[in-house]
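>
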């Protein structure tokens, strides 16, 4: 196995684990909403009821975690679930949000709130997107990024 093969295998393994985890969260949320008990869910998933309870609480506390994200789309490609073209089509038409430094009154807060575009940037830095893929996505978001920067300057 070459270094490139090993890198691809590691990325695919990580992507598969992330996809399984997100799918498990979605299934637990769905099962709970359909009236399944924690014990029933635990039995079907072959995990402890304590684990199911912890995951169910997470779903209730952070329902936004169940929404599909650019990272999940990239993970689907890395895991071989979708093709390169399917990933690029989805990401090129994604309604991205862009990170920002929040303000309290007129003072910037010492924090950064990530947007969905940050997931694409991180994937590129991790080598999960090629230079060509990055260029296409960067170009497809140029107008939205420019509008976001202009709006952020308007709040200063």
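In my numbering, the protein residues as written are -8 to 147.
The beta carbon of each residue, even a glycine, is placed where N, CA and C say it ideally should be.
In this text the structure is predicted, and so the values were computed from the model without any measurement.
1. Quick one, which of 56, 44, 142, 71 has its alpha-carbon nearest residue 91's?
2. Is the CB-CB distance between residue 78 and residue 63 below 8 Å?
3. So does the region 42 to 56 actually touch the region 14 to 33, counting three or more Cβ pairs closer than 8 Å?
4. By alpha-carbon positions, which one of 50, 139, 34, 6 ends up nearest to residue 70?
5. Look at residue 107 and residue 54 and say whether their C-beta atoms are less than 8 Å apart.
6. By the three-class DSSP mapping on this structure, what secondary structure does residue 72 have?
The answer reads as follows:
1. Against the chain shown, residue 91 aligns to sequence position 100. It is 142 whose Cα lies nearest to the Cα of residue 91.
2. As a first step, residue 78 must be located in the chain shown, where it is residue number 87. As a first step, residue 63 must be located in the chain shown, where it is residue number 72. At least 8 Å separates the beta-carbon of residue 78 from that of residue 63.
3. The region 42 to 56 vs the region 14 to 33: in contact.
4. Here the question's residue 70 lines up with position 79 in the chain shown. Restricting attention to 50, 139, 34, 6, the CA atom closest to the CA of residue 70 is found in 6.
5. Numbered from its first residue, the chain shown carries residue 107 at position 116. Numbered from its first residue, the chain shown carries residue 54 at position 63. No, these two residues do not count as a Cβ contact at 8 Å.
6. Taking the chain shown and counting its residues from 1, one reaches residue 72 at position 81. Correct three-state label for residue 72: coil.
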